[in-house]
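Worksheet for the structure shown next.
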Amino acid sequence: MAEFTTEPVGKSVTRIDMYDKVTGSATFADDIQFGPGLYYGRLVRCPHAHALIRKIDATRALELPGVKAVVTGADVPKNIGLYLIDRPIFARERVRYVGEPVAGVVAISEEIAHEAAQLVEVEYEEVPAVFDPVEAAQEDAPLLHPDLGEYEVANFIFPKPGTNISEHFKLRRGDVQPAWDRCAAIVEGTFRLPQIQHVPIEPHVAVSLWEPSGQVTLWTCSQSPFAQRDLVAQSLDIPHGSFRVVSPYVGGGFGGKAGISMEVCAVVMARAVKGHPVKLRMTREEEFIGTTVRQSLVAHTKIGCDSEGNLLAMETQYYFGGGAYNDYGVNIARAAGYSCTGPYLIPNVKGDSYCVYTNQPIGSAMRGFGMPEIHWGIEQIMDQLAEKIDMDPADFRRRNCVKSDETILTGMKMPPIDLVSCIDKATKAIDWGKREAPSAPHKKRGKGIAIMWKAPAMPPNPGSAAIVRFNEDATVNVSIGAQDLGQGAFTVLAQMAAQALGVPYEWVRVSVPVDTKYSPYEWQTVASRITWSTGNAVKAAAEDAKRQILEIVAGHWGEDPKDLDIKDGTVFSYRTEEEISLKGMVIYGLPNENFEGWTGGPIVGQGRFMPTYVTNLDFETGQGTRAVVHYTVGAQAIDLEVDTETGEITVLRIASVYDVGKAINPDLIMTQIEGGAVHGMSSAFEGLRFDSEGHPMNPNLVDYRISTAADIPLEIHGDYVETPLEDGPWGARGVGEHVMVPTAPAMANAIHDAVGIRFNDLPLSAERVFQALQEKRES
Amino acid sequence: MFARPGLPIFDYVKATSANEVVTLLREHGEGARLLMGGTDLFPNMRDGRLHPRIVIDLKGMPGMRGIVHGPTGGLVVGAATTMNELVAHPAVRAYCPLLAYAAASVASYQVRSRATLGGNLCNASPCADTSPATLVLQAEFTLQGPSGERSVPATEFFTGPGQTVLQPAEFMTTIRFPLVPAGACTTYHKLGRCRSGDLSLVGVAVLGYPDSGLPSGYRFRIGLGSVAPTPIRARLAEAVLASHAPGKESFVRAAEEARSEADPITDVRGTAEYQRDMVRTLTIRALGDVWAKLKEAK
Amino acid sequence: MANHTITFTVNGALERVDVPANLTLLQMLRDKLALTGTKNGCEAGECGACTVLVDGEPTNSCMMLAVEADGREIMTVEGLAPEGQLSPIQQAFVDHNAVQCGFCTPGMLVSTYGLLRRNPNPTEEEIKEALVGNLCRCTGYVRIIQAVQAAATQFAGTEGGA
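Top to bottom, those sequences are chains A, B and C.
Our numbering puts the first residue of the first sequence at 61, with every later residue one more than the last.
Our numbering puts the first residue of the second sequence at 3, with every later residue one more than the last.
Our numbering puts the first residue of the third sequence at 469, with every later residue one more than the last.
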């Protein structure tokens, strides 16, 4: 480990949290010690997909020794939600998915709480349920939210009361009808994706303490402590200033720890036993269906191009199966709507993106936020179009992919990016165009490509703030509300602070845990936005601190601050070459001549960043001046083999290239690329399964399998290009989600190249591939 | 549907003698469960399928662990021998490596530190990895109970999914593997949903050896796992190989027979049809694998 | 239901604890000995976040009763190196950037230690096979495998060193 890294931006410095994590001393939510006063909670979960609650009787549960309280929906009259306030904290009147919490039991041990939970008696009256989003969007479908019209909703989300449609985003550009006639090739398809789950290795844990004084604390593994504070404060009528959210290290988030799921239940349960902290933790089975999932999708997409391969028209309908509550999911449908073309320039577009209530687990933010779902179909159609006009799929994409300054589907200009270089590098890395022999006669080998784009999907005003403070020895504390989920946020932010201040990287600490009582505000750690947004805030805070220091020293030396700078923790003058160490002076200031007074004092730098230029979009057309802040783009190329005797797929090589603007820490980009490639590959084989009545069939790691060390591609070739982002710190933009978006469609395209079979539906499996091969043989 | 956190409350006893075990089993009946590796017992307790009053740990009893040579050759394996122990034991590798192949395919290294041969067999999941091997190796299981000791051949032990001939208050102490025929070569092929670590969707254990008494010159024993209510010997497939010289053609014919002998069910892991097709694929591969070994040995 | 008094060593230190029969080794380590480095990821023997060494063998501590630890030697991630130092395996994870969220890391390190003790020179296939029971959702395993390979080259030299 280096002792002293100067100007660390652009260098692959060691992660700042590495030591804590390799020694096992990093504290995660379940590791925090609370002492003998700690109580434990367990949730009573309903067994029906859709039912009215007739009666809840907790008498027997309350009689069990050691039980301290039972709470139900009757104790919490208000809903909770992010963009659409549609979710009861404990079910009231009606349950809408198997596993929905109807009561919470608090006891002196988890064992007793569990036993008591079995004793809570609930009477249900089942009502018809609906699971398919297209079915659920129809007029005559069973209605999950009769009161949809009364829910508070953000001004950019448009639910349709009287239906199960919680959001409808419309994109209208040009005129598709006449455009079809000009197409030489048109491809149409319906694509289906199941719900999948984040499967963080750390299941959700929340501990809450409601003090008799009215101070409330929530300790939880959270990507969004401030958003969680906001939502819970509003629902439970707690003044923001009295509610504190503390988030230690997060053992994997992927979006699942971003919104509110089970955490608020812990707060309600704590309210019933004031003065005692209550710990609520999810078993892995509950993690699968009782927290949140990625929404399902049924996509009908039609795209056409002319004989030269120019894309002319696209018509698409996205039906996202949002699950029982869509408070976060509505924004996914919206984001899919305003990015519905994928990273392509298509002059005539008609897109309708719906978020639909279904009696399934709650769909919410998951890595990619709608992009993996829609690219699954788009990228396969692009391949099919290329085939129809006899054009190489990579060339087809080079021709049509969006380029800097071009006007995209919402009417905004594409900020500078270089997707073509990403395509070039990815294809080169797997020897695109060269047909290579499989490793055995019963195997077939194929190559495929997919490209992607994604913008941070946020409200127009998501803010970041940062504070930079010094210690007496000139080490620096950076306080932020952003979280490190493993992506390396703390590290790159420390690098940026060090660079902007002029101190070595090793002098910078990032204050953990994130604590809304002490940390400055951060909207959420989502959307791959932290390097960019919090980075700007940290840079601003560091520059603010530096400005203060230079003013003080300049005054002390009788110089102009413009002639001074800081390097490696020493202030120096370009003009006189005088030097002074930061040590001490950053707290105590400097004495005037002959000790006639002092100048300066404790240096605290502050900074914030909030984009100012995002505009609303027209409800009918989706057009607007600036839909999003920016896009990150990338390409993946895959070389794989299909075992024709079993259907098993072996991924030989994945090449994955992204335009990151500026690699603040190049190796951390590589590790995101590697992790994302495996996550993307795994996601193609994953799917939550339910029986005909909505009961989950595989909410466990035995039957919901994620990639193991034995499943990974034989080679992963990661690379990046750097087209600076105009308002990115050192030009940087995010990449944490993007790295898993195109993997599944790239695999589908490679499978087609290998065996000539298309898969429109996920999940893939050896069995489906084998059966498709059989059918092909027989026909 | 929702597994509980931790395990339900029960008593624990570390048994030191067979008598003790039998007494406790008779006393508690269904309220007692035997503990070997716990790799099936614990998930069943978390799922609420089992809630014993008392758990009887057999691992410490004399004779339950360890591998010794049998009086007439072959091996005697204590029921509490773990999968990792089987994989690593020089006698297993030397005298019946098929057992090591099967044991090595179970789950992960960590699970194999706990999972035992006896537990795997007595739990009698249709997809157990070691049970087809015991059929093919013609193993005999020693059972201990109120009426004393008895020996049951593997082929008669399994009666249905999760069901065996074990009587109440009876438990398995050792598994005897007779000497394999001279020149025997073996293999175990397993298909899971992912490359490694999964339960078996289809398991095929094959043992083959030169047998001049047969028209084909070779006898093959084929054990199928996960594709019937119990592990089975694919007798029709074996008959094909008894009368037709080994080679791709006879292997395909035999695999077709094996396919027809399989009787899988569709479940969350795979359809019956796919499992049947994979019996064919894996049987061809396993036979080819063993044949290659036999040729090399010649 | 009476408690059982058990005696065992953890990371070289002798401990005596009273435990109910249904307490798992994982629960005992975390809740009674405050050794929170070992993690609870599934309680089903699938994810490996709870991996510890029992008499040198990587074992899912969620799938073992605390009472079964009587007379055994347990090693957790906290025992890989003396305080303040990093073992060669840990250092290799650092050098190869093999950690992201860190939740699977203790289990990975302990599994690796068990592997290199029994097989100081594993092939890439053997490493993958040995780590099949340690799930990671962040890294894609690439750096972890590299770190194990790097640690192996050092391990062969050190007797008993982690």
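Beta carbons are placed, not taken as given, at the ideal position from N, Cα and C, and that holds for glycine.
Alpha-carbon to alpha-carbon, A:Val462 and A:Val574: Residue numbering aside, residue 574 of chain A sits at position 514 when the first sequence is read from its first letter. Residue numbering aside, residue 462 of chain A sits at position 402 when the first sequence is read from its first letter. A:Val574 and A:Val462: Cα-Cα distance of roughly 38 Å.
Is A:Gly84 close to chain C? Criterion is C-beta to C-beta, closer than 8 Å. Taking the first residue of the first sequence as position 1, residue 84 of chain A is located at position 24. With 8 Å as the cut-off, A:Gly84 counts as an interface residue toward chain C.
State the Cα-Cα distance for the pair A:His435 and A:Val333, rounded to the nearest angstrom. Walking along the first sequence from the start, residue 435 of chain A turns up at place 375. Walking along the first sequence from the start, residue 333 of chain A turns up at place 273. If I take the Cα positions, the gap works out to 48 Å.
Can you tell me which of the three DSSP states B:Pro212 falls into? Mapped onto the second sequence, residue 212 of chain B falls at position 210. B:Pro212: strand per DSSP, three-state reduction.
Tell me which residues of the segment 188–201 of chain B have at least one Cβ-Cβ distance to chain A shorter than 8 Å, keeping chain order. Leu193, Arg195, Cys196, Arg197, Ser198, Gly199, Asp200, Leu201
Using DSSP with H/G/I as helix, E/B as strand and the rest coil, what is A:Arg458? For this step, residue 458 of chain A is matched to residue 398 along the first sequence. It is helical.
Along the chain, where does the beta strand (DSSP E) that runs through A:Met329 open and close? For the purposes of this step, residue 329 of chain A is identified with residue 269 of the first sequence, where counting begins at 1. Taken as a continuous stretch (DSSP letters only), A:Met329 belongs to no beta strand (DSSP E), being part of the alpha helix (DSSP H) at 323–331.
If I'm right that A:Arg289 touches A:Val265 with Cβ under 8 Å, what's the distance once you round it to whole angstroms? Numbered from 1 along the first sequence, position 229 holds the residue referred to as residue 289 of chain A. Numbered from 1 along the first sequence, position 205 holds the residue referred to as residue 265 of chain A. At roughly 17 Å, the Cβ-Cβ gap does not stay under 8 Å, so A:Arg289 and A:Val265 are not in contact.
In or out: A:Arg114 buried (at least 16 other Cβ within 10 Å) or exposed? To locate residue 114 of chain A, count along the first sequence from 1; it is residue 54. Counting every other CB atom within 10 Å of its CB across the protein chains shown gives A:Arg114 a total below 16, marking it as exposed.
Between B:Gly147 and B:Gln169, is the Cβ-Cβ spacing less than 8 Å? For the purposes of this step, residue 147 of chain B is taken as the residue at position 145 of the second sequence. For the purposes of this step, residue 169 of chain B is taken as the residue at position 167 of the second sequence. A contact, by the Cβ cut-off of 8 Å.
What residues from chain C crowd round B:Val108, counting only those whose CB sits closer than 7 Å? Residue numbering aside, residue 108 of chain B sits at position 106 when the second sequence is read from its first letter. Neighbours of B:Val108 on chain C: none; closest Cβ ~11 Å, over 7 Å.
Here's the rule: buried if 16 or more other CB atoms are within 10 angstroms of the residue's CB, otherwise exposed. What is C:Glu627? Translated into positions along the third sequence, residue 627 of chain C becomes position 159. In this prediction, C:Glu627 scores a pLDDT of 48, lower than 50, which makes its location untrustworthy; no coordinate-derived value is stated.
Contacts of A:Gly546 in chain C (Cβ-Cβ under 9 Å): Taking the first sequence and counting its residues from 1, one reaches residue 546 of chain A at position 486. The answer, in chain order, is Val567, Gln568, Cys569, Gly570, Phe571, Arg605, Cys606, Thr607.
Could you round the C-beta distance between B:Val204 and A:Asn758 to whole angstroms and report it? I think they count as a contact, below 8 Å. For the purposes of this step, residue 204 of chain B is taken as the residue at position 202 of the second sequence. For the purposes of this step, residue 758 of chain A is taken as the residue at position 698 of the first sequence. At roughly 19 Å, the Cβ-Cβ gap does not stay under 8 Å, so B:Val204 and A:Asn758 are not in contact.
Would you call B:Asn2 buried or exposed, if buried means 16 or more other Cβ atoms sit within 10 Å of its Cβ? Residue 2 of chain B lies beyond the stretch modelled for chain B, which goes from 3 to 300, so this question has no answer here.
Closest by C-alpha distance to A:Ala840, when choosing among A:Pro726, A:Gly311, A:Gly649: Chain A is shown from 61 up to 839; residue 840 of chain A falls before or after that span and cannot be answered.
In chain A, which residues lie less than 7 Å from B:Ala5 when you measure between Cβ atoms? Here the question's residue 5 of chain B lines up with position 3 in the second sequence. Neighbours of B:Ala5 on chain A, chain order: Thr343, Glu345.
Report the rounded CA-to-CA distance for B:Pro180 versus C:Arg611, giving the unit in angstroms. For the purposes of this step, residue 180 of chain B is identified with residue 178 of the second sequence, where counting begins at 1. For the purposes of this step, residue 611 of chain C is identified with residue 143 of the third sequence, where counting begins at 1. Those two C-alpha atoms are separated by around 46 Å.
List, in chain order, every chain B residue whose beta-carbon is nearer than 8 Å to that of A:Thr768. Residue mapping note: residue 768 of chain A aligns to position 708 of the first sequence, counting from 1. Going along chain B in sequence order, the residues near A:Thr768 (Cβ under 8 Å) are Cys196, Arg197, Ser198, Gly199.
Should B:Val281 go down as buried or exposed, given a rule of 16 or more other Cβ atoms within 10 Å for buried? On the second sequence, position 279 is the one that residue 281 of chain B refers to. Counting Cβ neighbours within 10 Å, B:Val281 comes out buried, since at least 16 surround it.
Inside the segment 201–279 of chain A only - alpha helix (DSSP H) runs reaching at least 4 residues: 236–241
Taking any Cβ of chain C, which residues in the segment 720–734 of chain A have a Cβ under 9 Å from it, in chain order? Asp727, Leu728, Met730, Thr731, Gln732, Ile733, Glu734
Under 8 Å between C-beta atoms, does A:Asn758 make it to chain C? Numbered from its first residue, the first sequence carries residue 758 of chain A at position 698. Taking Cβ atoms only, chain C never reaches closer than 8 Å to A:Asn758, which makes this a no.
Three-state secondary structure (DSSP) of A:Trp658: The count along the first sequence starts at 1 and reaches residue 658 of chain A at position 598. Residue state, collapsed to three classes: strand.
Can you find a CB in chain B that lies within less than 8 Å of the CB of A:Val328? Here residue 328 of chain A refers to the residue found at position 268 when the first sequence is read from its first residue. So, not an interface residue.
As an exercise, report each continuous beta strand (DSSP E) stretch of at least 3 residues that is fully enclosed by the segment 733–794 of chain A, in chain order. 775–781
Could you give the distance in angstroms between the alpha-carbon of A:Asp443 and the alpha-carbon of A:Thr470? Numbered from its first residue, the first sequence carries residue 443 of chain A at position 383. Numbered from its first residue, the first sequence carries residue 470 of chain A at position 410. Cα to Cα, the separation comes out at about 24 Å.
Please state whether DSSP places B:Asp269 in a helix, a strand or coil. On the second sequence, residue 269 of chain B is found 267 positions in, with the first residue counted as 1. Three-state result, B:Asp269: strand.
Cutoff 8 Å: A:Met61 Cβ touching any chain C Cβ: Within the first sequence, numbered from 1, the residue matching residue 61 of chain A stands at position 1. For A:Met61, the predicted model reports a pLDDT of 49, less than 50, meaning its position is unreliable; a value from the coordinates is still stated below. By this cut-off, A:Met61 is an interface position.
Let me see if you follow: with CB-CB separation under 8 Å, is C:Leu533 close to chain B or not? For the purposes of this step, residue 533 of chain C is taken as residue 65 along the third sequence, with counting starting at 1. With 8 Å as the cut-off, C:Leu533 counts as an interface residue toward chain B.
My output table needs one value for A:Gln355: the three-state DSSP class, helix, strand or coil. Translated into positions along the first sequence, residue 355 of chain A becomes position 295. Reduced to three states, the DSSP call for A:Gln355 is coil.
Beta carbons nearer than 9 Å to chain C: which residues of the segment 56–68 of chain B have them? Ile56, Val57, Asp59, Lys61
Would you mind stating whether A:Ala515 and A:His777 have Cβ atoms separated by less than 8 Å? For the purposes of this step, residue 515 of chain A is taken as the residue at position 455 of the first sequence. For the purposes of this step, residue 777 of chain A is taken as the residue at position 717 of the first sequence. Contact: no.
Let's see if you can read the secondary structure: which residues bound the beta strand (DSSP E) around B:Ser153? Position 151 of the second sequence holds residue 153 of chain B. Here the beta strand (DSSP E) through B:Ser153 covers 150–155.
Taking C-alpha atoms, which residue in B:Tyr190, B:Val229, B:Pro10 lies nearest to B:Glu263? The residue labelled residue 263 of chain B in the question sits at position 261 within the second sequence. Per the Cα distances, B:Val229.
Specify the secondary structure class of C:Asp499 as computed by DSSP and reduced to three states. For this step, residue 499 of chain C is matched to residue 31 along the third sequence. Three-state DSSP puts C:Asp499 in a helix.
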